[in-house]
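Heads up: the structure comes next, in C-alpha cells.
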Amino acid sequence: LPRTVLRERGFVVADNLNPQKARVLAMLALTRTDDVAEVQRMFDEY
-10 LPRTVLRERG FVVADNLNPQ KARVLAMLAL TRTDDVAEVQ RMFDEY
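Using the numbering used here, the letters of the sequence shown correspond one by one to residues -10 to 35.
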C-alpha cells in the first residue's frame, strides 16, 4: 500500500528507517506523546 493510504488509516510510516532505528524512535516518541500525528511528525523529522 502507498504511504499516504497507511497514514490515512492511522499507521506511523518510518519511510527510510531500518526496523531497529524505527523501534528505538517509536519507544522514545511514545515516552513523550500518544498522539499519532505528533509521533508521525517525529518520524518525518528524523
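Cβ coordinates follow ideal geometry from the N, Cα and C atoms, glycine included.
Please confirm if the segment 17 to 34 is in contact with the segment 0 to 7, defined as three or more CB-CB distances below 8 Å between the two stretches. yes
Short of 7 Å in beta carbon distance, which residues of its chain neighbour Val25, apart from the five on each side in sequence? Order them along the chain. Gly(-1), Val1
In the DSSP assignment, find the unbroken alpha helix (DSSP H) run with Val25 in it and report its ends. First-last of the alpha helix (DSSP H) with Val25: 25 to 34.
Please report the straight-line C-alpha distance between Asp33 and Leu6, rounded to a whole angstrom. Answer to the nearest angstrom: the Cα atoms are 10 Å apart.
Distance check for Ala11 and Ala18, CA to CA, integer angstroms please. 10 Å
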